[in-house]
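Numbering (this note's numbering) for the sequence shown: 449 to 565.
The beta-carbon is built from N, C-alpha and C at its ideal position, and this holds for glycine as well.
First the structure, in the form of structure tokens, and then the observations on it.
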Amino acid sequence: MNLYEHTIIARQDASPSELKQLTEKYSKLIEKNDGELIKTENWGLLNLSYLIKKNRKGSYIHFKIKGSGKVIDELERNESIDKKLLRYLTVRVKKFDLNTNYFGKMEDNEKKEGLKN
């Protein structure tokens with residue numbers, strides 16, 4: 449089994465309920481194709497570096513997936529035809545970092561670091 453980090457960017461005008469539906473849709477797709485969803489993170493609405501399909505912002509959803517390449521192929525095939533998504537990216541990793549919250553408030557991460565030392 450391979451480990452993957454997969455991020456999707458939804459349109460900025462997507463409502464919270466639509467984002468929840470997208471998350472559930474792709475989570476079910478992962479599990480249907482014999483993949484295991486380790487963690488899902490909603491990074492929220494972030495600024496894009498450049499305009500993508502006339503959007504300045506996008507809602508980021510990040511998945512940590514354990515599975516075969518077949519899972520990713522099916523996932524990306526479905527995402528390429530989804531009109532609610534702007535972009536998607538899959539990266540194969542050696543291990544997951546489940547402790548760090550990269551898009552949380554900086555104070556929270558500093559507090560955790562202080563507790564470790």
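- Under the three-state reduction of DSSP output, I500 falls in the strand class.
- In this structure, the straight-line span from the alpha carbon of L546 to that of D530 is close to 28 Å.
- The alpha carbon of I513 has as its nearest neighbour, out of K468, L470 and K543, the alpha carbon of K543.
- Beta-bridge annotation (DSSP): R459 is paired with G506.
- Linking A458 to E472 through their CA atoms gives a straight-line distance of about 14 Å.
- Taking C-alpha positions only, S497 is separated from K487 by approximately 26 Å.
- For Y508 and N490, the gap between their C-alpha atoms comes out near 6 Å.
- Measuring C-alpha to C-alpha distances from E484 to each of K518, L493, A462 and Q460 identifies K518 as the nearest.
- Between V541 and L451, the alpha-carbon positions lie close to 6 Å from each other.
- Here T538 really is in contact with I520; their C-beta atoms are around 5 Å apart, less than 8 Å.
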